Every structure is written in structure tokens, then in C-alpha cells.
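One structure below.
Number of protein chains: 2
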Amino acid sequence: MKNEDARRAATLADVAERAGVSAKTVSRVVNEHPSVRDTTRERVKAVIAETGFQLNLAARSLAASQSYLIGTFVADTASLYYSELARGAARACRALGYHLVTEEFDQRNPVAADHYERTLRQTRCDGMILPPPLCDDLALLDALERDGVRYVRISPMLDPDRSVAVFAHDADGVSQLARHLWEKGHRRFGVINGPSNFASSATRRDALIAAVCALGGSASDVTASKMLWDGTFPATGYRTAAQLLKDAPDISAIFTFNDELALGVLGYAHENGLRVPKDLAVAGFDDSDASSFAWPSLTTVSQPIVDMAVRAVQALVRDSPHARRRIECPVRLVIRASTGGE
Amino acid sequence: MKNEDARRAATLADVAERAGVSAKTVSRVVNEHPSVRDTTRERVKAVIAETGFQLNLAARSLAASQSYLIGTFVADTASLYYSELARGAARACRALGYHLVTEEFDQRNPVAADHYERTLRQTRCDGMILPPPLCDDLALLDALERDGVRYVRISPMLDPDRSVAVFAHDADGVSQLARHLWEKGHRRFGVINGPSNFASSATRRDALIAAVCALGGSASDVTASKMLWDGTFPATGYRTAAQLLKDAPDISAIFTFNDELALGVLGYAHENGLRVPKDLAVAGFDDSDASSFAWPSLTTVSQPIVDMAVRAVQALVRDSPHARRRIECPVRLVIRASTGGE
DNA sequence: TTGAAAGCGCTAACAA
DNA sequence: TTGTTAGCGCTTTCAA
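One line per chain: the protein sequences are L and P, in this order.
One point on numbering: in the working numbering, the residue at position 176 of the first sequence is 176, and numbering is uninterrupted.
If you count the second sequence from 1, you need to add 1000 to reach the working numbering.
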């Protein structure tokens, strides 16, 4: 697949000749090196504008041994999460002169390190963004470190100080939610946990318990249930809600690990004559499309995924290679009809 | 951002030396050129495995004047569509030895051609995938052709024969849907159109009318309304449904351009005491998450977006530069509760 | 502030 | 079947 009839693109040398300077000077102008006389710079810039010259990324990469590429993964499962992540990452890359390379990650065949070595490695990415659950794939981290490829992890669970890591301030959002529910008069709470390989699953449950205690309740007011997986999140939410309400019938509010689980809880309520939010308040997490489309619309906590991706790319490009910091991004409680918000 | 402490990666020359052959021979092995003696090939492959050698993409691009990069855009608006597209494209790229570069596309500042020239151009992508609405940006197409960059368009509206174009067979899905509704006894239909800059908006409406006529009805049995935009799709669906049912109170089934509009219709039905599907059947399009999470779950037409992206990449890599064909991908009617499916 | 020369790691074109 | 040579279009390093 060669694009035969491409008009040969202008090169540095072409621009140099037309501007009557050396190629190196053009390079200095393009890279905004300060030591170029203003008049020279203007002349070169004029020729660049005229010719539409753009650096050849491959040549630059080769010479500078920097690829100006940031890599990331999309999971092989439909999710708004990854589309937001890509959006934020692409936006930040563009602002910093980088490009975003996306690779598909196969959840069922989780030898991510192998996948990396056989494909992404040849791009010599300058950095990688690792969303969950890849951020906790230790073999992948080892492989990246071996190649000297830096990485930033999004919401990692394991060994959070091993690298720069970006977190949403989940606990804060959950505690806002607890306060909201408490003010609406709720005293007994149900929690449907998420997958155990997501750090945030335990974090969110614990944050709810802590918040309820801080408001004057006790840990025994919160009944947590792990997911009874049933194929999809909504189906799982449905099934787990049934169990939860059987185990603790006095629960008046259910908080779920994500919005999709909450949709299942809503479905359960509908089918069993529980009015939402009168008989049962329901709250999710993520502020995905699902939450605003739900009936009634779902109270949820909005994760700033786009921002998190932007921060990740910035850290990749600007931090020193051995930086190991925690970047915490604020979340936002979105109150909707399912908890009696207006 | 240089990864200073990267162990210097093995090069072709390193492998050549260790295997006792010329660099060119190693190149032939890596590129699966047939004219290498089996014994030589094995020896070289062994050294490659041993050293973990991987071609340097930048060097290869420069020498071969091919980037092995495919470019695409994510819109700056959350949508499963783009995440599925990226997924399919990444999968196909990987299979063919290419990499996927993603750029954010700003809907509000739609000078896509300019955007391309200032950023993606430096990657010298071998090909581009253009989803709607970019596929109909004539200035962008001109710019790509000027640079000799080939492109494949997904569901273009304008000038469909200008390039290879991939389509979902919308009309077929709509006609299956019409038959299903007809069999359920519906005779008067409402249609909520999509944005007028999407070709499929008119296609789907017309397909419904044609299908109804084919079933023995007439064009006047279908009342179409353009969207009364209200900030989001669900809100728009709500508002448009209200208008539609006022204009044509005898409608018993509403078909919308996408699932999100249908969610608004469902909300309208709930708030106005219309039982779904008893009083009003509702059907959407796309089979997005929204449709299975809706209450009741939504009958919809499933677009094979992942497949479409795969086909697009394959066409990019394998077709001749001047190919101009139409690739039609089959859709699938998904019958759920909102039309009385079981 | 500017330029000249060398070379990044690969492939194309040719020769053996 | 294999090897040699000469670049691809930049940046680096060093010199002017």
C-alpha cells in the first residue's frame, strides 16, 4: 500500500534552499530554538507557510531517537470509558506535538506484555497510558521498564507508587453522595460492589461506610454485596439487588459500583412494584450515558475521564523519567431523579 | 521526553552479525520475502527470538516511504460509535502490520482540512478512515487527495462514488423492522429523523416508507418529523415525540434515527401514561448500550460498526490506490420488549 | 547566529 | 539466494 502519486512533500532541504539558509537553520526554526536571528526566522517561516512544509515524523524520530508517539489501549468491549480516554489523550497529545497510537487489548487473552512486545514495541512509543485493568498487569509494567518506556497508570490498584498514577477522587464523590442520601432521610444502605480486580470497587464501598459513620450512622447500616455476575452489568445488578433486598429488607437506598449495575437495580424495582425514589433510592457511578437515559434518570458520580487522560499525557511528556507521583482529579456528584433530586 | 535509560534496542545489523548474514537478509526474513533459504531463515529467526528484535518503525517508514500508520478521528463528543470504530480499526491494523493513530476532531470548529494539515500530515499516514460527519467534508477530501493519502469513508452522504465507502445496509434493517411492527398489528407509524447532515437520516425514513408501502400500507401511514433539537438526543426525542403524537394521534409505533432519541420517547410515554409497547411501540437504531439498558428494553437495529472499521482498514491496505467501491455490511434487527418482542 | 558533516536503522536497486 | 551501496529526511555534534 504505497501512495504512488503523492506529490513529493516539501523537505527541510527544500525549504532551506528557497529561504537561502542551511537545513539546520530551518530545523532550528521549526523546533523553536531561540538562537535564530529574527529576520532569518521570518524568512524561513514565510517559505514554510508558502510550501505547506511539515516535518516528516519518521525522519525526525529516527534522527532524534524519540518517536513523538504515545500509546494506549482500547479494550475489546464497548465502553464509553475508552472513548473518553482516547479523546482526552488525543487532545493533550495534539497540544504537545505528540500523536496517539491505539492498540486493541483482548480481555480474554490477557498476555498484554506479549501483545506489547509483538506490536506496539516497534512503534518505540515515548510513553504509554495504561487504563484499568492493564495498569495492574505487572508483567506488562516489567516489559515496559525493560525497554525504558515510561508509562502512566490510570486508577491502579496494585503498587500505586510504582509510577505516576492518575486517580479520580472516588472517596470524595461517594461521601458527597452519602451526605445527599442522608439528608433525604435514608439510614440503611445497600452497596453492590464491582469486579474485584478494580481497586475502586473496594475504595467506593469503604468510602460509603466511612461517610455513613461520619454522619452518625454505623458500619452495620451498610450492607455490601459482591456482584452475582450474570453475563452483563445490568443483569448482574438485577440479580444482586434481589439478593441484597432479601438479605436486608430495610435498605432504602442502593449504591452501585457503576451506572450499568444501577440500571439493573432500576429494572428490578420496576418489576417488583418498588417506586424509585420513593420506596428505593438508587445511585450509580461514572455518569455514563446510561445514567441520564435511565428511567428515572440516575444519580451518579461523574468521573473526569477526559481530564484524567489529559493529565496522564502531560505527566508523560513533562515529568522526569523517574517521577512517581499521584495525580488526583476531582469528581462531581450528579443528583438526578433516582434519589429524589430535582 | 527522551527515555534516556532505554537499553539500546537490537537493530537489524545486530541480528545480522549474530546470525552471520547480511542486514539485507535479515530484512528479507522479517518482511517474509520468499527468496531466503530455509536454513538461513531459521537461523535468523532464532537470533530474532533470542534478542527480541523488532523492526524500528521510524527507520522502516523513512526508508520505504510508507508509514504503516492508519489515521482516524474521534469526535469530541462521547459516543460508543467511535469506541467501536477504534476497536475494529485497531484490530484490523494489528492483523495487517499497521498501527492506528487517533486524532481528536472538534465538531464546533469544523475546519478539519486545516486540522489535518497542521497535525496528522506530519505522520504521513498511509491511509485515513473517515467516519461521519468527516466523510462528507469535501475540503478534507481535497486535502488528502492533494497529499496522495488514500482514505475510506464510513457511511458518506455526499458523492459516495468518490472513494471506497463502507455502508451499513440500513434500509434492509429498517425493512425488517417494518415487517415486525406490521405483524404486531401496527398500521400508523411515526418517524423521528436524525441530524440532516447524516445521510442515513433520510435513508432510514425513506426505507420505512418504502417498506410500509410494500406491506400494503401507503406513504400517508408514516408521519415523519425532523428532530426538535433540545440539547441532548434523549431530550430531543422527548420533545419531538410530544409534537409527533399531537400532529398524528393515531400513531401506534415510533421509529427513531438512533437509540438515544428513542430513550426520550420512552420517557415521554412513561410520563404521559402510555404503556410501552401496549399503547405505543418504540424502536431505535444502533443497538447501543442504551438500548439494552432502557426500560423496557429497546428494539433496535444493530449496526456492525466494528466490522465496518475492519473492512475499511482492509480496503485501505489491500485495494489499489484508485479503487472506488461500495462495501455493504449487513445489519441485524434486535427485537426487544419495547415492541412486544420477548 | 549559522553551517558542514555524520549518521539514526532501515529498504531499494542493483550486482554477484 | 545473498550481499553491497546509497540513500530516506531529519537531528546531533562540532566547528566557524
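Here a beta-carbon is modelled for each residue, glycine too, at the ideal position from N, C-alpha and C.
All of these numbers come straight from a predicted model, not from anything done at the bench.
Just how far apart, CA to CA, sit residue i and residue j?
{"i": "Ala90 (chain L)", "j": "Arg311 (chain L)", "result": "12 angstroms"}
{"i": "Ala1202 (chain P)", "j": "Pro1156 (chain P)", "result": "12 angstroms"}
{"i": "Gln303 (chain L)", "j": "Gly194 (chain L)", "result": "16 angstroms"}
{"i": "Met1227 (chain P)", "j": "Thr1236 (chain P)", "result": "6 angstroms"}
{"i": "Asp1142 (chain P)", "j": "Glu1271 (chain P)", "result": "49 angstroms"}
{"i": "Arg1336 (chain P)", "j": "Glu117 (chain L)", "result": "43 angstroms"}
{"i": "Arg1188 (chain P)", "j": "Ala1171 (chain P)", "result": "19 angstroms"}
{"i": "Trp1295 (chain P)", "j": "Asn1031 (chain P)", "result": "53 angstroms"}
{"i": "Asp1147 (chain P)", "j": "Ser1163 (chain P)", "result": "15 angstroms"}
{"i": "His1186 (chain P)", "j": "Arg204 (chain L)", "result": "47 angstroms"}
{"i": "Gly1088 (chain P)", "j": "Phe1167 (chain P)", "result": "15 angstroms"}
{"i": "Gln243 (chain L)", "j": "Leu280 (chain L)", "result": "15 angstroms"}
{"i": "Ser1232 (chain P)", "j": "Leu100 (chain L)", "result": "Reading off the sequence, residue 1232 (chain P) comes out as Thr, not Ser. Using only the alpha carbons, I get a separation of about 29 angstroms."}
{"i": "Ser297 (chain L)", "j": "Val1317 (chain P)", "result": "45 angstroms"}
{"i": "Arg1324 (chain P)", "j": "Ala1113 (chain P)", "result": "21 angstroms"}
{"i": "Thr1102 (chain P)", "j": "Val1074 (chain P)", "result": "7 angstroms"}
{"i": "Pro330 (chain L)", "j": "His169 (chain L)", "result": "5 angstroms"}
{"i": "Asn1258 (chain P)", "j": "Phe1285 (chain P)", "result": "4 angstroms"}
{"i": "Ala1224 (chain P)", "j": "Leu263 (chain L)", "result": "31 angstroms"}
{"i": "Leu81 (chain L)", "j": "Asp287 (chain L)", "result": "Here residue 81 (chain L) is Tyr; the residue named in the question, Leu, does not match the sequence. Distance between the alpha carbons of Tyr81 (chain L) and Asp287 (chain L): 10 angstroms."}
{"i": "Ala9 (chain L)", "j": "Phe53 (chain L)", "result": "7 angstroms"}
Over what stretch of residues does the beta strand (DSSP E) that includes residue i continue unbroken?
{"i": "His1099 (chain P)", "result": "1099-1105"}
{"i": "Arg1153 (chain P)", "result": "1150-1154"}
{"i": "Arg326 (chain L)", "result": "326-329"}
{"i": "Gly127 (chain L)", "result": "127-130"}
According to DSSP, is residue i part of a helix, a strand, or is it coil?
{"i": "Thr1287 (chain P)", "result": "Reading the sequence as shown, one finds Asp at residue 1287 (chain P) and not Thr. Correct three-state label for Asp1287 (chain P): coil."}
{"i": "Ser1200 (chain P)", "result": "helix"}
{"i": "Phe1189 (chain P)", "result": "strand"}
{"i": "Gly1341 (chain P)", "result": "coil"}
{"i": "Ser175 (chain L)", "result": "helix"}
{"i": "Ile305 (chain L)", "result": "helix"}
{"i": "Asp1159 (chain P)", "result": "coil"}
{"i": "Ala253 (chain L)", "result": "strand"}
{"i": "Asp1147 (chain P)", "result": "coil"}
{"i": "Thr223 (chain L)", "result": "strand"}
{"i": "Arg239 (chain L)", "result": "helix"}
{"i": "Asp136 (chain L)", "result": "helix"}
{"i": "Gly217 (chain L)", "result": "coil"}
{"i": "Ala974 (chain P)", "result": "Because residue 974 (chain P) is not part of the residues shown, which for chain P are 1001 to 1342, the question remains open."}
{"i": "Leu181 (chain L)", "result": "helix"}
{"i": "Gly267 (chain L)", "result": "helix"}
{"i": "Ala1168 (chain P)", "result": "strand"}
{"i": "Asp259 (chain L)", "result": "helix"}
{"i": "Asp1142 (chain P)", "result": "helix"}
{"i": "Ala1315 (chain P)", "result": "helix"}
{"i": "Ala210 (chain L)", "result": "helix"}
Starting from residue i and walking both ways along the alpha helix (DSSP H), at which residues does that stretch end?
{"i": "Val1026 (chain P)", "result": "1023-1030"}
{"i": "Cys1093 (chain P)", "result": "1080-1096"}
{"i": "Ala1019 (chain P)", "result": "1012-1019"}
{"i": "Val47 (chain L)", "result": "38-51"}
{"i": "Thr119 (chain L)", "result": "It is not in any alpha helix (DSSP H) - Thr119 (chain L) carries neither H nor E in the DSSP assignment."}
{"i": "Arg1336 (chain P)", "result": "Note, Arg1336 (chain P): premise wrong, no alpha helix (DSSP H); not H, not E."}
{"i": "Ala63 (chain L)", "result": "57-64"}
{"i": "Arg71 (chain L)", "result": "Here the sequence assigns Gly to residue 71 (chain L), which means Arg is not the residue at that position. Note, Gly71 (chain L): premise wrong, no alpha helix (DSSP H); beta strand (DSSP E) at 69-75."}
{"i": "Gly194 (chain L)", "result": "Element bounds for Gly194 (chain L): n/a, residue is neither H nor E."}
Any heavy atom of the ligand NAD inside 7 angstroms of the beta-carbon of residue i?
{"i": "Asp319 (chain L)", "result": "Among the components modelled here there is no ligand, and therefore nothing to report on the ligand NAD."}
Of the residues that make up the segment 107-118 of chain L, which ones have a beta carbon closer than 9 angstroms to any beta carbon in chain P?
-> His115, Glu117, Arg118
Which residues, taken in chain order from the segment 1045-1058 of chain P, show a beta carbon closer than 8 angstroms to some beta carbon of chain L?
-> Gly1052, Gln1054, Leu1055, Asn1056, Leu1057, Ala1058
So does the segment 1167-1183 of chain P actually touch the segment 1196-1213 of chain P, counting three or more Cβ pairs closer than 8 angstroms?
-> yes
For the 8 angstroms Cβ check, are there 3 or more pairs between the segment 31-48 of chain L and the segment 1061-1071 of chain P?
-> no
The segment 151-161 of chain L touching the segment 124-134 of chain L, judged by at least three CB pairs closer than 8 angstroms = yes
Of all the residues that make up the segment 1294-1314 of chain P, which are near chain L by a beta-carbon distance shorter than 8 angstroms?
-> Ala1294, Trp1295
For the segment 182-189 of chain L against the segment 158-173 of chain L, are there 3 or more C-beta pairs whose distance is under 8 angstroms?
-> no
Please list the residues of the segment 1094-1108 of chain P that have a C-beta atom closer than 7 angstroms to any C-beta atom in chain L, keeping them in chain order.
-> Arg1094, His1099, Leu1100, Val1101, Thr1102, Glu1103, Glu1104
Interface residues of the segment 1249-1271 of chain P facing chain L [CB-CB below 8 angstroms] | Glu1260, Leu1263, Leu1266, Gly1267, His1270
Using a beta-carbon distance cut-off of less than 8 angstroms, what residues from the segment 1156-1176 of chain P approach chain L?
-> none
Just by C-beta distance, which residues in the segment 1222-1237 of chain P are closer than 8 angstroms to chain L?
-> Thr1232, Pro1234
Interfacial residues, the segment 319-334 of chain L to chain P, with Cβ spacing under 8 angstroms = Pro321
Taking a Cβ distance cut-off of 8 angstroms, strictly less, list which residues of the segment 1122-1138 of chain P are near chain L, in chain order.
-> Gln1122, Thr1123, Arg1124, Asp1126, Gly1127
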